[in-house]
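Student:
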Ligand SMILES: [Fe+2]
């Protein structure tokens, strides 16, 4: 193409581009009646109200399915406590028990509590099991196992965080008849502030201790500090 011709083509392109950019921006709201609600306040989650509870009281209890007929129970105690789960199908009676492992982690100046986990089973499908952790008599929990076949009802909720919207989401989930929750990333939004992992654990415990709470990691779980803290440290420990 000659130089004159290509200059003319370029001028035409610039003219067309500037004409397009001066058009009013299309209004996307026209295609959907949905209006994104405004953010709500971050929850201020203080330590457990049960200040009289001793350091062996289980907290942040959550369960996750392991294979077809087992469940991993994970919980945290401030003090040393056995990594034992006692369980059975009648409230207050625990004919079975399983013992697992205890770990802990540090992140900068933060030191976690004792993080315990134990795998219980084999379990019957569609059955409610009552359990207690570290033989602590003050808190009994229960979970229901998923059915052995279809249909299985899943709840899927990501980006939970800890705001007043989180409360709203958890209330909606609690009002739902479901077998297993899938959380595809962005759990606590602790974003390096490790006590926020603990407050998140307490916030979700009523649901997370009652149905399999199946999580995977999102970008908020990375929490890497170059040269100081490796990625996914809290997420993997918890
Ligand atoms: Fe997110």
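Residue numbers (the UniProt record's numbering): 1 to 238.
Idealized CB from N, CA, C, for every residue including glycine.
Measuring straight from C-alpha to C-alpha, what distance separates residue 118 and residue 145?
Tutor: Approximately 16 angstroms between the Cα atoms of the pair.
Student: Thinking C-beta only, is residue 57 closer than 8 angstroms to residue 132?
Tutor: It is not a contact, given that the beta carbons lie outside the stated cut-off.
Student: Just tell me which of 189, 194 and 215 has its CA closest to the CA of residue 180.
Tutor: Of 189, 194 and 215, the residue nearest in Cα terms is 215.
Student: Does the Cβ of residue 159 lie closer than 7 angstroms to at least one heavy atom of ligand 1?
Tutor: Yes, ligand 1 has a heavy atom inside 7 angstroms of this Cβ.
Student: Can you have a look at residue 74 and say buried or exposed, based on whether 16 or more other CB atoms are within 10 angstroms of its CB?
Tutor: It is buried - the Cβ of residue 74 has at least 16 other Cβ atoms within 10 Å.
Student: Is there at least one non-hydrogen atom of ligand 1 closer than 7 angstroms to the beta-carbon of residue 191?
Tutor: No, since every heavy atom of ligand 1 falls outside the 7 angstroms radius drawn around the Cβ of residue 191.
Student: Is residue 220 near ligand 1, going by C-beta to nearest heavy atom under 7 angstroms?
Tutor: Residue 220 Cβ: within cutoff of ligand 1.
Student: Taking residue 191 and residue 159 to be in contact with their CB atoms under 8 angstroms, please state how far apart those CB atoms are, rounded to whole angstroms.
Tutor: About 13 angstroms separates the two Cβ atoms, so there is no contact after all.
Student: Less than 7 angstroms between C-beta atoms, sequence neighbours within five positions excluded: which residues of the same chain meet that for residue 135?
Tutor: So the qualifying residues of the chain are 82, 84 and 86.
Student: Could you say which of 92, 184 and 88 lies nearest to residue 98 if we only look at CA atoms?
Tutor: It is 88 whose Cα lies nearest to the Cα of residue 98.
Student: Please indicate yes or no: does the CB of residue 312 lie closer than 7 angstroms to some heavy atom of ligand 1?
Tutor: This structure cannot settle anything about residue 312, because the visible part of the chain is limited to 1 through 238.
Student: Just to confirm the assignment, what range does the alpha helix (DSSP H) spanning residue 202 have?
Tutor: Here the alpha helix (DSSP H) through residue 202 covers 195 to 208.
Student: Are there 16 or more other CB atoms within 10 angstroms of the CB of residue 171, so buried, or fewer, so exposed?
Tutor: Residue 171 is exposed by the Cβ-count criterion.
Student: Tell me whether residue 235 sits in a helix, a strand or coil according to DSSP, three-state version.
Tutor: Correct three-state label for residue 235: helix.
Student: Can you list, in chain order, the residues of its chain whose CB lies under 6 angstroms from that of residue 231, leaving out five sequence neighbours each side?
Tutor: Same-chain partners within the cutoff: 222 and 224.
Student: Looking only at its chain, what residues have a beta carbon closer than 6 angstroms to the beta carbon of residue 188, apart from the 5 residues adjacent to it on each side?
Tutor: Counting only Cβ-Cβ distances below 6 angstroms, and skipping sequence neighbours, we find 196, 197 and 200.
Student: According to DSSP, what are the bridge partners of residue 117?
Tutor: Partner(s): 74 and 101.
Student: Sort 165, 121 and 63 by Cα distance to residue 36 and report the nearest one.
Tutor: Per the Cα distances, 165.
Student: By Cβ distance, which residues of its chain are closer than 6 angstroms to residue 16, with the 5 residues on each side in sequence left out?
Tutor: Because residue 16 carries a pLDDT of 49, less than 50, the predicted location of this residue cannot be relied on, and the following value inherits that uncertainty. If we look at residue 16 and ignore the five residues flanking it on each side, it has no Cβ neighbours.
Student: Check for me: the alpha helix (DSSP H) holding residue 170 runs from which residue to which?
Tutor: First-last of the alpha helix (DSSP H) with residue 170: 164 to 174.
Student: Do you know whose CA, among 141, 155 and 234, lies nearest residue 176's CA?
Tutor: Looking at the Cα atoms, 155 is the closest of the given residues.
Student: Measure how close the beta-carbons of residue 213 and residue 111 come, nearest whole angstrom, since I'm counting them as under 8 angstroms.
Tutor: Actually they do not touch by this definition, with Cβ atoms about 24 angstroms apart.
Student: Out of 153, 101, 152 and 128, state which residue places its alpha-carbon closest to the alpha-carbon of residue 142.
Tutor: For residue 142, the nearest C-alpha among the options comes from 128.
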